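Okay, so the sequence shown: first residue is 551 according to the working numbering, each after it adds one.
Accompanying notes for the structure given below.
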Amino acid sequence: QRYCQDVYRGQLASVHSTARNQELQKLAQTHNILSPWIGAVTRYRAGKWESYWEDSSPWNYANWAPTHPLHIITTCTTLSTRDGLWRSRFCFQLRPFICQY
């Protein structure tokens, strides 16, 4: 997230529709990027698990893989270029990412 902000003056991509999810999946496939970060974070807050977008846009769409998001610690999210599904990952992992402007 910080790299998107500091270098590109953008945010990690948020996804609000199936069409946008497919667009980002195709973009990643075109550039041979495997499972890039998108801007979804899942955390435990006020007694419950919640997912939110890093850019503070509304949480109105999700495309989680079965058993995801993981409810163990705060996790970040990747978009699978294979199936378009989202998976929770530990946020410290180095991965490619998709910024939006």
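Ideal placement from N, C-alpha and C gives every residue a C-beta, glycine not left out.
In this text, all values refer to a predicted model and were calculated from it rather than measured experimentally.
Considering only their Cβ atoms, is the gap separating residue j from residue i smaller than 8 Å?
i: Thr-631; j: Gln-575; result: yes
i: His-566; j: Asn-613; result: no
i: Tyr-651; j: Tyr-558; result: yes
Comparing alpha-carbon positions, which option in the options lies nearest residue i?
i: Phe-640; options: Cys-554, Ala-590, Ala-563, Gly-560; result: Ala-590
i: Ile-583; options: Tyr-651, Ser-638, Gly-634; result: Gly-634
i: Ser-606; options: Arg-552, Asp-556, Gln-561; result: Gln-561
i: Pro-608; options: Tyr-651, Ser-564, Gln-643, Gly-597; result: Ser-564
i: Ile-588; options: Ala-569, His-581, Trp-603; result: Trp-603
Residues in the same chain with beta-carbon distance under 8 Å from residue i, minus the five sequence neighbours each way, listed in chain order, please.
i: Thr-624; result: Val-591, Thr-592, Arg-593, Tyr-594, Cys-641
i: Ala-615; result: Ser-630, Asp-633, Leu-635, Trp-636, Arg-637
Who are the Cβ neighbours of residue i in its own chain at under 6 Å, not counting the five residues just before and after it?
i: Trp-599; result: His-621
Using a Cβ-Cβ cut-off of 7 Å (strictly less than) and excluding sequence neighbours within five positions of residue i, which residues of its own chain qualify?
i: Ser-638; result: Thr-592, His-618, Pro-619, Leu-620, Thr-625, Thr-627
i: Ser-586; result: Rather than Ser, the amino acid found at residue 586 in this sequence is Pro. Only Ala-578, Thr-628, Leu-629, Arg-645, Pro-646, Phe-647, Ile-648 meet the Cβ criterion.
Would you say the beta carbon of residue i comes nearer than 7 Å to a heavy atom of the ligand ADP?
i: Trp-614; result: By its list of ligands, the structure shown contains no ligand whatsoever, and the ligand ADP lies outside what it can speak to.
Considering residue i, what are the terminal residues of the beta strand (DSSP E) in which it resides?
i: Arg-637; result: 636-639
In terms of residue numbering, what span does the alpha helix (DSSP H) encompassing residue i cover?
i: Glu-573; result: 568-580
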